[in-house]
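Structure record follows, encoded as structure tokens.
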Amino acid sequence: MKYYAFTYLADKDTPTGDPHKKTGRRSIAGRLSVFRDKGRRNQFVADYPESRIAVKWRNVRDYFLGISEEKFNQMIKEVSVDCSGKLKYLREDKCLSILQVRQRDAVIMSNARKMIRSSETTTNRMLYRDLFAVGFTTAGMRCTKLGLNIDGVETKLSQMLEFIENNKGG
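Residue 153 is where the sequence shown starts when you use our numbering, and the numbers rise one by one after that.
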């Protein structure tokens with residue numbers, strides 16, 4: 153079974169895009185997320201309740217009234233894509249493996265720490281949370297998956313990439 157959530161990218165019900173050619177209606181500015189587990193979907197919504205809502209399948213189309221039925225069906229296929237049965241993230245029309253996502257996150261964390269010259273009080277968990285707009289607990293878990301001390305302030309790219317390579321299964 154699939155569970156859906158909608159993330160508003162602006163104020164609720166802010167229209168986006170061109171009006172539908174036949175109906176004149178527009179889509180709502182936001183992004184659809186699909187989950188296989190209701191608990192994960194609910195946690196996703198609970199992390200940012202002011203901008204995320206749980207949506208039933210029968211209501212999903214209501215958020216995308218500005219696009220044709222054909223484009224809507226194509227979007228659903230892309231969002232629901234199952235890449236070889238493994239958990240994957242769909243970002244910018246690419247299906248990334250967990251390994252690729254962790255490598256990308258490592259590069260972003262390392263570069264962000266250098267660029268902003270974050271203070272000695274900005275922990276890895278706080279930096280991850282702010283960069284990726286996730287909750288405090290999620291940030292801690294993801295830092296651990298990158299081999300970072302969640303309360304530390306060191307984010308060396310070489311150490312993170314080595315940890316990721318050595319822990320591909322986890």
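Think of the CB as a built atom: it goes at the ideal place given N, C-alpha and C, for glycine as much as any other residue.
Status (buried if at least 16 other CB within 10 Å, exposed otherwise) for residue 161
exposed
Helix, strand or coil: which one does DSSP assign to residue 286?
coil
Run the CB neighbour count on residue 254, radius 10 Å, all protein chains shown included, and call it buried at 16 or more, exposed below.
buried
Given a cut-off of 9 Å on the beta-carbon distance, is the pair residue 178 and residue 170 in contact?
yes
Please classify residue 157 as buried or exposed, where buried requires at least 16 neighbouring CB atoms within 10 angstroms.
buried
Reference residue 218, options 226, 260, 212, 172, closest by Cα:
172
Apply the 10 Å Cβ neighbour rule to residue 155 and answer buried if 16 or more other Cβ atoms are within range, or exposed otherwise.
buried
Residue 230 to residue 258, Cα distance in whole Å?
26 Å
Nearest-angstrom Cα separation, counted from residue 175 out to residue 212
17 Å
Residues bridged to residue 159 by DSSP?
183, 204
Keeping to the same chain, check which residues put their C-beta closer than 7 Å to that of residue 309; ignore five residues upstream and five downstream.
258, 259, 262
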